[in-house]
Amino acid sequence: MTAGLAGCSPGSDSGLPARPAVRHVRCFNGHDLDIAGQTISYDHSVYVPTSSCNLCQTLGLSRSAWFEIDLRFAHETPPTQAELVLIARPPTTKAAVGQVVLQLRGQQIGGLDLWLCGIDRRGVIGPVRVDASYRRRGFGTVLVAAALARGPRYRWSTTAIGESVAGRAFCAAQCWPDGTQPSSPFYCSHMKLSNGEDV
Ligand SMILES: [Zn+2]
Ligand SMILES: [Zn+2]
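FYI, the numbering used here numbers position 67 of the sequence shown as 76, with every residue one higher than the one before it.
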């Protein structure tokens with residue numbers, strides 16, 4: 010599916026790494042942004058706000074600027090195709106698997122599967138997928154943060170997303186809520202029913 014991706018990429022973006030649009034204490038290079046200074050801007054090629062660390066810019070460091078991806082900005086049909094957007098694809102039946110998808114100019118560049126149950130206040134995050142040419146830019150972290158934001162104060166677990174070294178590194182770098190069970194999925198009875206299991 011991803012063969013020849015470089016030749017048919019969904020369209021250029023500025024190649025910035027991405028972070029969830031929350032207040033950041035530090036930049037990618039570890040500077041305290043209150044001390045280093047932060048500049049807010051906007052990337053008009055993809056219609057996404059950006060931030061940069063003033064000190065990183067002065068020092069000419071890499072990863073000095075990043076996209077600020079709004080986690081609430083999840084809707085079914087983006088207003089334009091020229092955007093980098095998070096989209097929620099809810100399940101067709103209650104507590105079944107849905108998806109959180111990151112889309113660039115109308116094409117999916119990453120996504121994850123998500124089970125949510127409002128009755129048991131449980132969430133399960135499935136494998137996180139990011140197209141090879143968009144990896145190591147924080148998009149997987151944005152997807153996980155967007156999934157977690159859909160179930161505040163839920164108990165979370167994940168499917169086996171941390172078996173490879175890269176997967177374990179990704180898993181270990183996430184800000185999981187207290188009590189999360191990584192790689193040990195807990196499906197409530199409603200999720201099991203929607204998965205077609207006997208309960
Ligand atoms: Zn910095
Ligand atoms: Zn349930």
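Don't be surprised by glycine CBs; every beta carbon is placed ideally from N, CA and C.
> Hey, is Ser198 close to ligand 2, as in C-beta under 8 Å from one of its heavy atoms?
Replying inline: Remark: the C-beta of Ser198 is in contact range of ligand 2, defined as less than 8 Å to any heavy atom.
> Does DSSP put Tyr143 in a helix, a strand or coil?
Replying inline: Look at Tyr143 here: in three-state DSSP terms it is helix.
>> In this structure, how does DSSP classify Gly120 when only helix, strand and coil are distinguished?
In response: Gly120 carries a strand assignment under DSSP once its states are collapsed to helix, strand and coil.
> So the alpha helix (DSSP H) Cys180 belongs to, where does it begin and stop?
Replying inline: Here the alpha helix (DSSP H) through Cys180 covers 174-181.
>> Run through the DSSP bridge pairs and tell me what Ile44 is partnered with.
In response: Note: Ile44 sits in no beta bridge, so no partner.
>> Taking only three categories from DSSP, how would you classify Gly107?
In response: Of the three classes helix, strand and coil, the one that applies to Gly107 here is strand, per DSSP.
> Roughly how many angstroms lie between the CA atoms of Arg164 and Tyr196, to the nearest whole one?
Replying inline: For the pair Arg164 and Tyr196, the Cα-to-Cα distance works out to about 11 Å.
>> Tell me the DSSP secondary structure of Phe195 in three-state form.
In response: Three-state DSSP puts Phe195 in coil, outside helix and strand.
> When burial is assigned at 16 or more other CB atoms within 10 Å of the CB, is Gly13 buried or exposed?
Replying inline: The predicted model places Gly13 with a pLDDT of 34, which falls under 50 and marks its position as unreliable, so this point remains unresolved.
> Candidates Gln66, Leu111, Arg32: which alpha carbon is nearest Ala45's?
Replying inline: Among Gln66, Leu111, Arg32, the Cα nearest to that of Ala45 belongs to Gln66.
> Nearest to Gln117 by CA position, among Cys36, Glu92, Trp75, is which residue?
Replying inline: Nearest C-alpha to Gln117: Glu92.
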